[in-house]
Structure formats: C-alpha cells, structure tokens
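Quick note, the sequence shown lines up with residues -25 to -1, 1 to 405 if you use mature numbering (1 follows the signal peptide of the UniProt record, and there is no 0).
C-beta atoms are modelled at their ideal positions from N, C-alpha and C, and glycine is treated no differently.
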Amino acid sequence: MIMLRTVRAAAALVSAAALVSGVGAYTDPVQTAAREVRLTANVYGIQPLLLSRRDAVTPVLAGRPCGQGQCTIIEHPANLSAGSIPTGIANLNRTLLEDQSTGITVFGLSQGGQVITGWLDTHGATAARQGDVTFVTVGNPESPGGFRDFFGFTDPSTPEDSGYAVITIVQQYDGWGNWPTRLGLLSALNATMGMFTIHNEYDEVDDAPYTEEGILEALAADPNGEVNRIWKSGGTYYVVNHTDLIPLAVPLTWIGLNGVARWVDDILRPIIDADYRLPAHGSGITLPAPAAEPEARTQRVSLSADDTAETVVEPRQAALSSGEVDTASPTGSAETVKAGTPSPADIAGTSLDTATEKHDAKKAERAAARAEKQAERAAKKAERAAARAQKQAEREAKKAERAAAGAENQVEREAKRADAPAADTPDTAE
C-alpha cells in the first residue's frame, strides 16, 4: 500500500507538472517513400503542447500523412492553460461544421489527441458525421490503457464505440498512452521515462499504419506482431508500435554505451512486459479472404488434319508403341497421339505448377518486403546513432579547443611575467 500511494503521488506530480508532455525538438520531416496510399481528401492536424511554438504535426509519423503540406492545421493555444483543450474542441467543431465533405481525416498529436477525445465526448453524437470523418490520435494521453486512464485522471477516456472510425497510435512504453496494465515498480519507472523520451519521437515512427487499409496490410505482412501490435475494440483500432530499446536503457546511448544499453534491454524487457496485458495481435479484426488461386482444369486436346507432322493423329489399329499415349478423339473413337503432343494430364500439371509458382512468388515478395522494411529501419537507426556520435565528437572537439585555448592563454601570461623587468630595490646605506 505504501508503494502504491507513493507511485500515485508521483503520478499526480508528473501529471500536474507536464499535463500533456508535448513533443520536444522535432526535426524536419523525413522524406521517405510512403508505405500507404497517401491521403487525398481533406486532412486536418491538431498540434500537441508547443513549448517551442514549432509545427509538430507536419513531421509526425515520419511525415507520411502531412509531410507534403497537405494538412490544414486547426489552431488552438497548445499550452498548459485551462482553456487550451476546450478552445481546440470548439475550433475542431467549427471546422467540421464548415467542411461538409466526406472522407475527412483529423490527426491529433498528444494534446491534439486530447482535443479529439473531448470533441467525441461532447459533439460526436450530435454532429452525425460518423460516415464522413476518421480520427487518428498519436500519443494521446486520454487513450484507454494510458497513464491518465490508469490513475483515473481522465473521465471518460477516448470512447471506443463513438460510431466514428478511430485509430489510436502509441509507441510501446510511452507512458502517456501505454501505461502498464499491472502496476510494478520497474515497469512504472520505465513508462515514466518513456513519457519524456519515447513520447518525443513520433516523428521517427515510419512503420505504424494510420489508415484502415494500412492496418489490414500491416496485419497481413506482420502476422506475429513484431513491428506493431494491432487490435480492434468497438469501433477503435489500436496500434502499439514496437520500441527498439526500453526507455530505461536509452540514457546509456547518450554516452555511447550502446552495447550496454542493448544488454540492459535484453534483461529488463521480459520483466517489464510481464506487467502488460494487451489484447492478442489482430483480435477484433477480420482480414479479407485472399484472392482465390486459379484452379487447375483438365482440357481435352482436339487435333486436326492441319497439325504438323510431329503431332500426326492416326486411328489406332494396333497396340501402342513406345512413346505413344491414348487420348479421346472428337468423335469418341480411340486415337493415337505420337510423342511430342501435350496430353490432358500434361496440361493439368502445367496449370498446377503455374499456381504453385505464383503462390511461391507471392510468399517471396512478402518476405522481401519485410526484409526491405527491416533494412530501412536498421539504416535509420544507424543514421541516428551516427548523428549522435557526430554531435558527441563535436562537443569533445569544442572542449579540447577550449582547453587548448586556455592552455595557450596560460602560457602567454607566464611569458609576460617572465619578460617583465624586475622591480628595482633601493640600496641601503649604513
């Protein structure tokens, strides 16, 4: 009980201090090939807590939804004031009243997701736009299973049966949206660290689906949930994007101890994961039936008198000789087809071989796509690690430069002291 009270008190302090941990220093959008059909209808974005006043919606999810400037920002204060979220709700409602088109998508990042939650609670039922609008929340603190939901700081959380298509995306161990199901000291510390590390990295998430079509494709390509854990509850899709390192191990990478960080992750991750009880991958979602493979059909061979000498057809009047097979003639009489003419069995076998080859080719194509995606992720991780190493090297170089300058100044001061004439001392007379 003492530990529970302590953790609750710490949780309340964190919530009061950071209410919505906004996205920190975002980089420019990563220009990568979109893995989903780019949205073509009206797309709106709602900003997170913006302490730096920089656009954080455009680079979200590696810039795939909004990186080409196709998102219209719905303005709101995006700060810690009591009126920030209500103002966002009112502005979102006004936007949807003015835009009566279909196929609208609204993205909300962090506090922007809270705006969407508030709109669904207050206006969703009366607006009657269920078939027109899809909502996508990213790192939403009001998500079911998040920090605020666990400790009862939100009432209610994002409704699951609003009648709208809702896609909720969180990174694994981002405590704001992915708090442990069962309270444990290690998992709570890890999720709390994730609030201030993982939560700030949604611009680097390039493999989380953000459309219903993309979700179905991701389930088909990743049946074991190694990249994303995906399920559906009510009318809401949940996407938990896999995190390469647990947040508790991330600080070790800041000082170049990447190998130690990986070792810590290998040891602590199973302990932390034991406190999470997530639905099974793919639960609540029915995948469309795969396209039927072409059936192998046996066809009769009809040969005419115009056929070449290699496929001459003659009435069979004697026993079959070596290399000859029987087939039915168009008139029903038995005929002999000399070697070199395809038989019905050969045609059926060819059809089966073709179907098998197509199936194997599709499997190989999917495997190649998964390998390519994994290689891209590894390359980006290596690129980020190289950038961090370069920054560290630059800092060390600056330190060395300052130290050298200090040493040079010290040498100059010593030289000046040595060159200065000694002060004359008066002679003493007896």
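Taking the alpha-carbon of residue i as reference, which of the options has the nearest alpha-carbon?
i: Pro254; options: Thr109, Gly120, Val90, Trp94; result: Gly120
i: Val141; options: Val180, Ala163, Pro184, Glu179; result: Pro184
i: Glu179; options: Ile190, Ala31, Val239, Ala37; result: Ala37
i: Gln89; options: Thr133, Val108, Phe128; result: Thr133
i: Pro23; options: Pro34, Lys391, Leu84; result: Leu84
i: Val32; options: Ile64, Gly58, Ser59, Gln86; result: Gln86
i: Ala163; options: Ala393, Leu227, Pro61, Asp248; result: Asp248
i: Met168; options: Phe82, Phe122, Ala372; result: Phe122
i: Arg244; options: Asn165, Cys41, Ala390; result: Asn165
i: Leu95; options: Glu371, Thr211, Asp30, Ala344; result: Thr211
By Cβ distance, which residues of its chain are closer than 6 Å to residue i, with the 5 residues on each side in sequence left out?
i: Thr156; result: Tyr251, Arg252
i: Ile144; result: Val113, Ala183, Val214
i: Thr47; result: Tyr19
i: Asn115; result: Gly88, Gly152
Taking only three categories from DSSP, how would you classify residue i?
i: residue 441; result: Residue 441 lies beyond the range of the chain shown here (-25 to 405); nothing can be said about it.
i: Ala361; result: helix
i: Tyr177; result: helix
i: Leu25; result: coil
i: Gln146; result: strand
i: Gly113; result: Note on identity: in this sequence residue 113 is Val, with Gly being the wrong assignment. Strand at Val113.
i: Thr80; result: strand
i: Thr101; result: helix
i: Gly120; result: coil
i: Thr47; result: strand
i: Phe126; result: coil
i: Ile247; result: helix
i: Val239; result: helix
i: Glu187; result: helix
i: Tyr395; result: Residue identity differs from the one stated: residue 395 is Ala in this sequence, not Tyr. Three-state result, Ala395: coil.
List the DSSP bridge partners of residue i.
i: Trp206; result: Tyr213
i: Ala140; result: Thr109
i: Tyr19; result: Thr47, Val81
So, at 7 Å on beta carbons, what are the nonlocal neighbours of residue i in its own chain, with the 5 sequence-adjacent residues on each side left out?
i: Asn66; result: Ile49, Glu50, His51
i: Gly257; result: Leu194, Ile205, Trp206
i: Gly209; result: Glu135, Asp136
i: Leu262; result: Leu191, Leu194, Ala195
i: Ala375; result: none
i: Asp240; result: Leu220, Ile221, Ala224
*If you pair each beta-carbon of the region 134 to 148 with each one of the region 215 to 226, do three or more pairs fall below 8 Å?*
Output reads yes: the region 215 to 226 touches the region 134 to 148.
*May I ask you to verify whether the region 103 to 111 touches the region 72 to 79, counting CB pairs closer than 8 Å and requiring at least 3?*
The region 103 to 111 vs the region 72 to 79: in contact.
*Using 8 Å as the threshold, is the region 225 to 237 in touch with the region 362 to 370, meaning 3 or more CB pairs across them?*
Here the region 225 to 237 makes contact with the region 362 to 370; the two share three or more CB pairs at distances below 8 Å.
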